[in-house]
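The structure appears below as structure tokens.
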Ligand SMILES: Cc1cc2nc3c(=O)[nH]c(=O)nc-3n(C[C@H](O)[C@H](O)[C@H](O)COP(=O)(O)OP(=O)(O)OC[C@H]3O[C@@H](n4cnc5c(N)ncnc54)[C@H](O)[C@@H]3O)c2cc1C
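Here is the structure:
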């Protein structure tokens, strides 16, 4: 038996023994996600146990270095873990902006003290992070940001406003882009800092979304004192960190193109449309559309895996995250259009869903944001044109 085969066998046995049965059922809604954090209330004992066991092994972040509490797995082993988890239907033990975005940036740009302070708490789900990038006049044109951090010798004094800050009202800490030099060219006066959302002078105001939920906020900073040690990387060089973090965010959002656990669209459609005499979906047009999305989903799985392998081998184009972000978020939007079409009248239930898929219209409307968050589809296409295709005038 090769080392990888032995690892697969052990991993499967470990997951079967340690993943509680409740954590192997598909989630009915996003309310069942585990986000962790100082004020996190576990939905069940099973959710708590599952997070603790996975964090203990460092498997909330299988490929991060063991010295900070990560799993230290090779890319091959991490893929095996991922495949075994998905074949057993194991839920993600922890979803976190710390894992998807800040952690990779800290591993590359943080100093040793910052890594030792923040990475273990991210891995164990003890601190929940939010992202302070967008401002009322700085979205696609992020380098226009105006939130300022003044040097007050032993600390920075932060004043300004962020917007669309996802879960700012629930987060414990923020990673934040601030302007530290107003006289420099736009991209060269930005710094990347971290601070506690409980600091004096931080306030949040939730914004209601089209889906009826309020996952994000306006975030205000009034004379917030931030210790100097919370600057990541070099002063005024935060743009490099911001861009690096965005490549991870975009790859993560692109991952929404992967079909989540749950019933395939074809089965949902079979419940409402029925089958013909050959046992095929009775509506041939819907059948064709489902086949098209299913094939695109499969191709996307391979594209994502290949991109991950190339990145790990240091051969990836950083701009490829824009391809994944664009395609994955558009694919997720197509999938939800189809789920709505396939679900019949049950799919329209807003308050008390009858469908086994939960409140579909809310999820469907939420997908509209996929092609905006982390940079819009138009912006991703601009990046692809300029940095991958090298089109003239792009
Ligand atoms: C669900 C969701 C969660 C989010 N979470 C966060 C968060 O946690 N933290 C955070 O900082 N931000 C967050 N955002 C904000 C997000 O990053 C911005 O909405 C996004 O970058 C677009 O900026 P904008 O809304 O200002 O739109 P604008 O930049 O004003 O764009 C408006 C329209 O113009 C188009 N456009 C703009 N520039 C160009 C161009 N050069 N070429 C072609 N078309 C262009 C855009 O594609 C878009 O259609 C979130 C957004 C959403 C929807």
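Residue numbers (this note's numbering): 742 to 1135.
The beta-carbon is built from N, C-alpha and C at its ideal position, and this holds for glycine as well.
Under the three-state DSSP convention, the category residue i falls into
i	result
residue 769	coil
residue 845	helix
residue 900	strand
residue 1167	Residue coverage of the chain in this structure runs from 742 to 1135, which leaves residue 1167 outside it and unanswerable.
residue 918	strand
residue 923	coil
residue 1036	helix
residue 972	strand
residue 988	helix
residue 964	strand
residue 1043	helix
residue 828	helix
residue 1022	strand
residue 959	strand
residue 940	coil
residue 978	strand
residue 791	helix
residue 952	coil
CB contact flag (residue i, residue j, <8 angstroms)
i	j	result
residue 899	residue 962	yes
residue 775	residue 835	yes
residue 903	residue 888	yes
residue 777	residue 866	yes
residue 803	residue 814	yes
residue 1034	residue 1076	yes
residue 1065	residue 1045	yes
residue 773	residue 784	yes
residue 842	residue 872	yes
residue 1108	residue 1074	yes
residue 847	residue 765	no
residue 897	residue 967	yes
Enclosing beta strand (DSSP E) for residue i [first to last residue]
i	result
residue 872	870-873
residue 937	931-937
residue 892	889-892
Span of the alpha helix (DSSP H) around residue i
i	result
residue 748	744-759
residue 1074	1061-1083
residue 807	Premise fails: residue 807 is in no alpha helix (DSSP H) and is neither H nor E.
residue 1179	Outside the shown range of the chain (742 to 1135) lies residue 1179, about which nothing can therefore be said.
residue 1009	1006-1014
Fully enclosed by the segment 1105-1132, which alpha helix (DSSP H) runs are 4 residues long or longer?
-> Correct list: 1118-1124.
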